[in-house]
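Here's the structure we're looking at; comments come further down.
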Amino acid sequence: MITASFQRGLAAGILSALVIGTGPAALAQSQRSAPAKPAAKPVATAKPNPAPAKAAPAAKTTPAKNTPAKNSPAKPAAAAAAGGAAAAGAAKATQAATGPGGASLVTSYGDWGVYTAQTGRSKICYALSQPQDRLPKNLNRDPAYLFVSFRPAENVKNEVALVLGFAAKENGPAEASVGNTSYALITKAANAWLKNPAEEGQAIATMARSGTMIVKMQSARGSSLTDRYSLNGFSKALEHARKECAS
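Counting from 355, one number per residue, gives the positions in the sequence shown under the working numbering.
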């Protein structure tokens, strides 16, 4: 059973590198760097400010020479700020709609998003969420994701997987708890899957009627780590993802 699930894990690992690596994970990285881009635009737009200042020598013949100098640069500055805000809004809208690598956010339900990606002629659909809480809080790690995927070309559906955001301890303890039920996980590097794939249907049914999933495991350095995922919106997101790959 372990060997079979491990082989399946390798297949899911390909999905992780193909979709999560080029889609939501890269999207998360781009979202972290995105705010810096709009900030630079107002500076570039505000360069016309020195031009109105050249009119200052002509204003020396009048007593109110300082008034035009104060008022005229203010208008280009305000326009630059407005332009920067508009550019920032447009960038965020575009970023939310389409992820790098062709992974697109279709819609969201509660704390879950529905994504699709095209790899050649194969369509991949998945419901995805990020942890609400991570313990210990002072430990730096990469973004984590819990997702359920559908890959019709491979006859794969309801596959539960996680991107951990850190390297897990090989053969270390790992489990996902939903309500009063716990599911053993198998890990490979920074990815994890249900150790027994036959439990995926039961796990999804339990997730659909529960509020949270708690994931616990050890890192490669021996640290005990915990991620808490909200299941708010999971059922609707899962059904939408299923329909996306049924069409």
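Heads up, the beta-carbon is just placed ideally off N, CA and C, and yes, glycines get one too.
Can the beta-carbon of A591 be found less than 8 Å from the beta-carbon of A481? Working through the sequence shown from its first residue, we reach residue 591 at position 237. Working through the sequence shown from its first residue, we reach residue 481 at position 127. Closer than 8 Å, so yes.
By DSSP, does L592 sit in helix, in strand, or in coil? Stepping through the sequence shown from its first residue, residue 592 is reached at position 238. DSSP places L592 in helix when its eight states are reduced to three.
Would you kindly work out how many angstroms separate the C-alpha atoms of T535 and Q556, rounded to a whole number? As a position in the sequence shown, residue 535 is number 181, starting the count at 1. As a position in the sequence shown, residue 556 is number 202, starting the count at 1. So the two alpha carbons sit approximately 10 Å from each other.
N- and C-terminal bounds of the beta strand (DSSP E) containing G587: Taking the first residue of the sequence shown as position 1, residue 587 is located at position 233. Element bounds for G587: n/a, residue is neither H nor E.
Through-space distance from N512 to I558, alpha-carbon basis: To locate residue 558, count along the sequence shown from 1; it is residue 204. To locate residue 512, count along the sequence shown from 1; it is residue 158. Cα to Cα, I558 sits roughly 8 Å from N512.
Own chain, CB closer than 6 Å to L489, minus 5 neighbours either side, in chain order: The count along the sequence shown starts at 1 and reaches residue 489 at position 135. Once the five neighbours on either side are set aside, the close Cβ partners of L489 are T580.
Got a sec, what are the start and stop residues for the beta strand (DSSP E) L513 sits in? Locating residue 513 in the sequence shown gives position 159, where the first residue counts as 1. Here the sequence assigns Glu to residue 513, which means Leu is not the residue at that position. Where E513 is concerned, the enclosing beta strand (DSSP E) stretches over 510-517.
Taking V514 as the reference, give the member of E553, S584, E593 with the closest Cα. For this step, residue 514 is matched to residue 160 along the sequence shown. When only C-alpha atoms are compared, the closest one is E553.
Per DSSP, cross-strand counterpart(s) of Q486: For this step, residue 486 is matched to residue 132 along the sequence shown. None, per the DSSP bridge assignment.
Quick check: the Cα distance between R505 and A522, rounded to an integer number of angstroms? Within the sequence shown, numbered from 1, the residue matching residue 505 stands at position 151. Within the sequence shown, numbered from 1, the residue matching residue 522 stands at position 168. Rounded to whole angstroms, R505 to A522 spans 26 Å at the Cα level.
Measuring CB atoms only, is the region 457-472 touching the region 563-575, in the sense that at least three cross pairs come out at less than 8 Å? no
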